[in-house]
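Peer 1: Take a look at this one; I'll ask things after.
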Amino acid sequence: MTVVKLSLPAVFILTAVGFIIATFNLPQASLGNAFGPHYFPMGASALLLLLSVFYFIRSYRERHEEHKEDEDIRAVAKGRTPYIIGGTLIFGVVYALIFDFVGYIIATLLYLGVLMFIINGKSKWLINVLTTIIFTFMSWYIFAELLNISLP
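Quick note: the sequence shown, position 144, residue 144 per my numbering, numbers continuous.
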């Protein structure tokens with residue numbers, strides 16, 4: 001069990017190191033700050049590395065402690081959780097497939113609306129509808145109008 005507990009943080013550490021190496025291979029910007037394209041990926045990779053090291057240390061310290069992992073897994077597998085996870089995955093793929101055809105606003109309204117109803121249920125329909133509409137149009141406004149980033 002120790003190997004299993006330590007393997008996930010080790011994979012995260014290796015992934016972070018891989019991203020850091022890949023960041024150094026990014027081309028420099030021809031306009032403005034030459035290292036501008038490096039800042040965000042380097043920061044995100046460094047944060048992933050730092051948190052992964054903390055996760056590895058915590059897992060190493062707790063490697064001999066007994067947890068109720070089987071009970072936790074069974075609890076997650078019961079109830080609505082598998083439907084929420086499955087619905088999110090299925091509708092995420094559908095969203096990606098229809099995004100270019102129907103455009104950002106319609107695809108996001110459909111995707112977010114369906115997910116809100118899957119997660120919150122029909123009883124909170126007003127919150128689901130308002131959240132979907134407000135988020136979709138606010139994010140469109142921020143990207144399309146304020147940042148001048150064209151969306152399909």
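Backbone N, C-alpha and C fix where the C-beta goes; we use that ideal spot for every residue, glycine too.
Once the 5 residues before and after D100 are set aside, which same chain residues still bring their CB inside 6 Å of it?
Peer 2: As a position in the sequence shown, residue 100 is number 100, starting the count at 1. Hits under 6 Å: P152.
Peer 1: Along the chain, where does the alpha helix (DSSP H) that runs through Y95 open and close?
Peer 2: On the sequence shown, position 95 is the one that residue 95 refers to. Unbroken alpha helix (DSSP H) run through Y95: 81 to 102.
Peer 1: Would you report the Cα separation of H38 and K78, rounded to the nearest angstrom?
Peer 2: Walking along the sequence shown from the start, residue 38 turns up at place 38. Walking along the sequence shown from the start, residue 78 turns up at place 78. One C-alpha to the other measures close to 43 Å.
Peer 1: Could you spell out the range, first to last residue, of the alpha helix (DSSP H) harbouring N128?
Peer 2: Numbered from its first residue, the sequence shown carries residue 128 at position 128. Start and end: 125 to 140.
Peer 1: In this structure, how does DSSP classify I149 when only helix, strand and coil are distinguished?
Peer 2: Within the sequence shown, the letter at position 149 stands for residue 149. Here I149 sits in coil by DSSP.
Peer 1: Could you pull out every residue in the same chain whose Cβ sits closer than 7 Å to the Cβ of I84, ignoring the five residues on either side in sequence?
Peer 2: Here residue 84 is taken as the residue at index 84 of the sequence shown, counted from 1. Hits under 7 Å: I118, I119.
Peer 1: Going by C-alpha to C-alpha distance, which of G121, L26, W140 sits closest to R159?
Peer 2: Beyond the ends of the chain as shown, which are 1 and 152, falls residue 159; an answer cannot be given.
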